[in-house]
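Engineer:
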Amino acid sequence: MKCRKCGQVAVINMRQHKLALCADHFTDWVPAQVEKSIRKYRMFTPRDRVLVAVSGGKDSLALWDVLLKLGYCADGLYLGLGIDGGFGYSDESQRKCEAFVKSVESGTLGIGKSGNQGAREARSPDSHSPDSQTPDPWLPKLHTLSIPATYGESIPEVAGRVQRGRGKPCSVCGLIKRHEMNRFAYELGYSVLATGHNLDDEAAVLFGNTMTWQVGYLARQGPVLPESDGFARKVKPLCRLYEREMAAYCLVRGIDYIYEECPYSFGATSIAHKELLAELERKSPGAKQNFYLSFLRAKENGFLNDHHQELSPLMHACERCGQPTTAPGLCAFCRLWVNVKI
Ligand code: AMP
Ligand code: FES
Ligand code: ZN
Ligand code: ZN
Numbered sequence: 281m282k283c284r285k286c287g288q289v290a291v292i293n294m295r296q297h298k299l300a301l302c303a304d305h306f307t308d309w310v311p312a313q314v315e316k317s318i319r320k321y322r323m324f325t326p327r328d329r330v331l332v333a334v335s336g337g338k339d340s341l342a343l344w345d346v347l348l349k350l351g352y353c354a355d356g357l358y359l360g361l362g363i364d365g366g367f368g369y370s371d372e373s374q375r376k377c378e379a380f381v382k383s384v385e386s387g388t389l390g391i392g393k394s395g396n397q398g399a400r401e402a403r404s405p406d407s408h409s410p411d412s413q414t415p416d417p418w419l420p421k422l423h424t425l426s427i428p429a430t431y432g433e434s435i436p437e438v439a440g441r442v443q444r445g446r447g448k449p450c451s452v453c454g455l456i457k458r459h460e461m462n463r464f465a466y467e468l469g470y471s472v473l474a475t476g477h478n479l480d481d482e483a484a485v486l487f488g489n490t491m492t493w494q495v496g497y498l499a500r501q502g503p504v505l506p507e508s509d510g511f512a513r514k515v516k517p518l519c520r521l522y523e524r525e526m527a528a529y530c531l532v533r534g535i536d537y538i539y540e541e542c543p544y545s546f547g548a549t550s551i552a553h554k555e556l557l558a559e560l561e562r563k564s565p566g567a568k569q570n571f572y573l574s575f576l577r578a579k580e581n582g583f584l585n586d587h588h589q590e591l592s593p594l595m596h597a598c599e600r601c602g603q604p605t606t607a608p609g610l611c612a613f614c615r616l617w618v619n620v621k622i
């Protein structure tokens with residue numbers, strides 16, 4: 281298979297795009313696709329300070345690399361969840377994020393053709409976070425937070441104690457991650473929070489929500505969740521890229537990431553949905569993309585507009601942490617920790 285642009289040996293064939301590319305053209309193509317999504321969905325501009333939530337996995341590290349290459353001002357946030365799974369899952373994930381930053385500092389990753397000049401404006405000295413220890417103000421910073429060290433319990437421990445986590449910690453984990461990501465973005469003055477969700481993730485979530493006609497969730501699903509009082513804007517710049525494209529990107533760029541999935545992800549419904557969609561994709565290349573992008577177009581055209589009201593139930597500030605919540609008194613996150621004392 282040959283690269284469609286230069287005739288060299290192709291490293292990837294993307295059947296849904298009828299496009300095969302060599303390593304050089306593929307590493308240019310991915311950032312170009314991400315830039316298209318950032319503009320099309322008005323995610324952010326070079327003047328924004330972006331906080332990338334990095335898990336140590338391929339998608340979020342590739343996203344960070346791409347944003348830096350494109351010249352955006354992007355720092356990372358790693359949340360240590362205290363998950364071991366017999367192979368030190370959380371510790372290993374953190375090491376991958378730290379190794380990524382080292383590679384950026386040594387100039388092997390994250391540097392684009394512009395040499396990151398574009399980020400300089402957003403990184404003006406007074407826009408720096410107060411805790412910034414970065415020696416070179418133009419280099420990205422990795423913020424890390426250990427949940428067990430901060431709150432006294434790992435995710436599996438909290439989940440084992442509260443009703444919400446019985447059996448599986450994923451729901452408690454999601455709640456804690458969302459709260460802490462939002463808190464960091466707010467407290468450190470980032471205007472946007474970016475996650476590494478890819479097209480496969482989004483299509484699987486869409487499939488799940490459609491199966492049960494969760495109209496409220498469908499109305500909220502999209503590449504951008506706008507900021508509102510107390511909530512940072514959330515964006516998914518990889519939402520039009522396939523998971524296999526992100527894996528190939530990491531391989532070609534030399535981004536080392538954690539291959540293992542979270543030990544609690546086995547048996548998750550989203551994995552079953554991903555398998556179903558992969559089967560469809562095998563038979564009909566582009567099916568996944570079509571499913572998700574047609575949904576976004578339908579939304580743009582007003583489908584689900586009537587459900588907008590459901591999106592904005594009455595919010596008030598949590599009595600303990602100040603983040604918006606619909607629950608009276610404490611938000612769901614704070615209630616997790618108050619339980620400790622009962
Ligand atoms: P997941 O929910 O595990 O599929 O992860 C979706 C996205 O959430 C990732 O692409 C990351 O952007 C972010 N994320 C997941 N886990 C962490 C973590 N421990 N620390 C920071 N960000 C994370
Ligand atoms: Fe949270 Fe697996 S990453 S439970
Ligand atoms: Zn080529
Ligand atoms: Zn709270």
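Here the sequence shown stands for residues 281 to 622, numbered as in our numbering. Glycine residues also receive a C-beta, built at the ideal position from the N, C-alpha and C atoms. Since the structure is predicted, the reported quantities are computational estimates derived from the model, not experimental observations.
Quick one: which unbroken alpha helix (DSSP H) runs of 4-plus residues sit fully inside the segment 435 to 469? Chain order, please.
Structural biologist: List check, alpha helix (DSSP H) in window: 435 to 441 and 450 to 467.
Engineer: Quick check: is any heavy atom of ligand 2 less than 8 Å from the C-beta of K457?
Structural biologist: Yes, Cβ of K457 sits closer than 8 Å to a heavy atom of ligand 2.
Engineer: Can the beta-carbon of F324 be found closer than 9 Å to that of E540?
Structural biologist: No, the pair does not count as a contact, with Cβ atoms beyond the cut-off.
Engineer: I need the straight-line Cα distance from F546 to A484, nearest angstrom please.
Structural biologist: So the two alpha carbons sit approximately 15 Å from each other.
Engineer: For L560 and A567, what's the separation of their Cα atoms in angstroms?
Structural biologist: Their Cα atoms are separated by approximately 7 Å.
Engineer: Leaving aside the five residues before and after F511 along the sequence, list all residues of the same chain whose C-beta is less than 7 Å from its C-beta, in chain order.
Structural biologist: So the qualifying residues of the chain are N462 and P604.
Engineer: Between which two residues does the beta strand (DSSP E) containing G253 stretch?
Structural biologist: The structure shown does not extend to residue 253, since the chain spans only 281 to 622, so no value can be given for it.
Engineer: For P608, which three-state DSSP category applies?
Structural biologist: Looking at P608 - three-state DSSP - the assignment turns out to be coil, as it is neither helix nor strand.
Engineer: Give me the residue from Q288, R284, L616 and A578 with the minimum Cα distance to G454.
Structural biologist: Nearest C-alpha to G454: L616.
Engineer: Using only the alpha-carbon positions, how far apart do G398 and C353 sit?
Structural biologist: Only weak support exists for where G398 lies, its pLDDT of 49 falling under 50; the coordinates are left without a value.
Engineer: With distance defined between alpha-carbon atoms, name the residue in L359, K457 and H459 nearest to L422.
Structural biologist: L422 has its Cα closest to that of L359, out of L359, K457 and H459.
Engineer: Taking DSSP as the reference, what is the three-state secondary structure of H477?
Structural biologist: If DSSP states are grouped into helix, strand and coil, H477 belongs with coil.
Engineer: Can you tell me whether DSSP reads I363 as helix, strand or coil?
Structural biologist: It is coil, neither helix nor strand.
Engineer: Between which residues of its own chain and C530 is the CB-CB distance below 6 Å, once the five residues before and five after are set aside?
Structural biologist: Closer than 6 Å at Cβ, skipping near neighbours: K338, A342 and Y537.
Engineer: Flag this pair as yes or no: are the beta carbons of V381 and M526 separated by less than 9 Å?
Structural biologist: Not a contact, by the Cβ cut-off of 9 Å.
Engineer: Which residues have their C-beta within less than 6 Å of a heavy atom of ligand 3, listed in chain order?
Structural biologist: Answer in sequence order: C283, K285, C286, Q288, L301, C302, D304 and H305.
Engineer: Closest by CA to S262, which one among I292, V452, F487 and P543?
Structural biologist: In the structure as shown, the chain starts at 281 and stops at 622, and residue 262 therefore has no counterpart that could be examined.
Engineer: Report all residues from its chain with a CB closer than 8 Å to the CB of I433; omit the five preceding and five following residues, and keep chain order.
Structural biologist: Checking the sequence, you will find Glu at residue 433 rather than Ile. G362, I427, R441 and V620, listed in sequence order.
Engineer: For V495, verify whether its CB is less than 8 Å away from any heavy atom of ligand 1.
Structural biologist: The answer is no for V495.
Engineer: If you follow the alpha helix (DSSP H) that N570 is in, where does it begin and where does it stop?
Structural biologist: First-last of the alpha helix (DSSP H) with N570: A567 to E580.
Engineer: Can you determine whether any heavy atom of ligand 2 sits closer than 8 Å to the C-beta of Y358, and answer yes or no?
Structural biologist: No, ligand 2 has no heavy atom inside 8 Å of this Cβ.
Engineer: Applying the criterion that 16 or more other CB atoms from any shown protein chain within 10 Å of the CB defines a buried residue, is L347 buried or exposed?
Structural biologist: Buried, by the Cβ-count rule.
Engineer: Which two residues bound the contiguous alpha helix (DSSP H) that contains V314?
Structural biologist: First-last of the alpha helix (DSSP H) with V314: A303 to K320.
Engineer: May I have the straight-line CA-CA distance separating Q443 from L479, to the nearest angstrom?
Structural biologist: C-alpha separation (whole angstroms): 32 Å.
Engineer: So is R329 buried or exposed if we call it buried at 16+ other beta carbons inside 10 Å?
Structural biologist: Answer is buried; the Cβ neighbour count reaches 16.
Engineer: Using a Cβ-Cβ distance cut-off of 9 Å, determine whether T475 contacts chain D.
Structural biologist: Here chain D cannot be found, since the structure has a single protein chain.
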